Amino acid sequence: MKRCHVMGLMVALGLQVVVMAGVFLGGVYPLWVGEEIRLETRPVDPRDLFRGNYARLGYDFSTVEASDLRPGDVVYLPLEKQPNEALWRGGEPQAAEPETGLYLRGRVAGQPWSAGNTVKYGIEALFAPKEKALALERQLRDSAVAVVRVAPNGKAALVTVEAKAINN
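So the sequence shown is residues 230 to 397, counted in this note's numbering.
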């Protein structure tokens, strides 16, 4: 009987390790295989009482006016490289996954107090130690550039945030 309990415990422990490894690998996948791009951003707020110190970022393409979108819907945002610039810009969001080109995969997070729908792409916050978060807040007051790696499936990971040194 004890052997059965030990086997059950080992299986349960093994499943937990597999789930945690899957979550970890899903988060670092864009960092390993993604193409590095730069997106213009605007800062929102550097601190949260429960989550710690971070730079919260906003993007022009994060608010969508489409009335047919509901919270939880998946949205694909084609990315376009700007000529003579190092920046990429978001195109028109769409419900179908693009067949070619680089794109971001996001999820609609409806805000009842907002005029449009907010789309979350997973690149809205850069966590940092307190001193670095405060320095980022000062550095990013006007405008900044987010360095993002985008995987072929549209999943994105925020690498860092830089002061805007690119001429528009």
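Beta carbons: idealized from backbone N, C-alpha and C, even for Gly. Being a predicted model, the structure only gives us computed values, none of them experimental.
Hey, out of the options, whose CA is closest to residue i's CA?
i: alanine 375; options: Glu360, Gly351, Lys359; result: Gly351
i: aspartate 297; options: Gly263, Gln323, Ala241; result: Gln323
i: alanine 364; options: Val252, Val390, Arg318; result: Val390
i: alanine 362; options: Leu286, Gly251, Val293; result: Leu286
i: valine 325; options: Val303, Asn346, Arg232, Gly319; result: At residue 325 the sequence reads alanine, which differs from the valine that was named. Closest option to alanine 325, Cα to Cα, is Val303.
i: threonine 292; options: Gly320, Val257, Tyr283; result: Gly320
i: asparagine 346; options: Leu316, Arg299, Val252, Leu238; result: Arg299
i: tyrosine 283; options: Cys233, Lys359, Met239, Leu369; result: Lys359
Mapping DSSP to helix, strand and coil, what is residue i?
i: proline 259; result: helix
i: glutamate 294; result: coil
i: glutamine 311; result: coil
i: alanine 325; result: coil
i: isoleucine 395; result: Summary for isoleucine 395: the model assigns pLDDT 49, below 50, so the residue's position carries little reliability; its value from the coordinates is reported in the next sentence. Coil at isoleucine 395, not helix or strand.
i: leucine 268; result: strand
i: glycine 320; result: coil
Taking residue i as part of the beta strand (DSSP E), name the residues at either end of that continuous run.
i: glutamate 391; result: 385-392
i: arginine 334; result: 332-338
i: leucine 375; result: The sequence as given places alanine at residue 375; leucine does not occur at that position. It spans 373-379 - the beta strand (DSSP E) in which alanine 375 sits, taken as one unbroken run.
Would you mind reading off the limits of the alpha helix (DSSP H) that contains residue i?
i: arginine 367; result: 359-368
For residue i, which residues does DSSP report across the bridge?
i: alanine 354; result: Arg285
i: valine 248; result: Note: valine 248 sits in no beta bridge, so no partner.
Per the contact definition of three or more C-beta pairs closer than 8 Å, is the segment 329-339 in contact with the segment 371-384? yes
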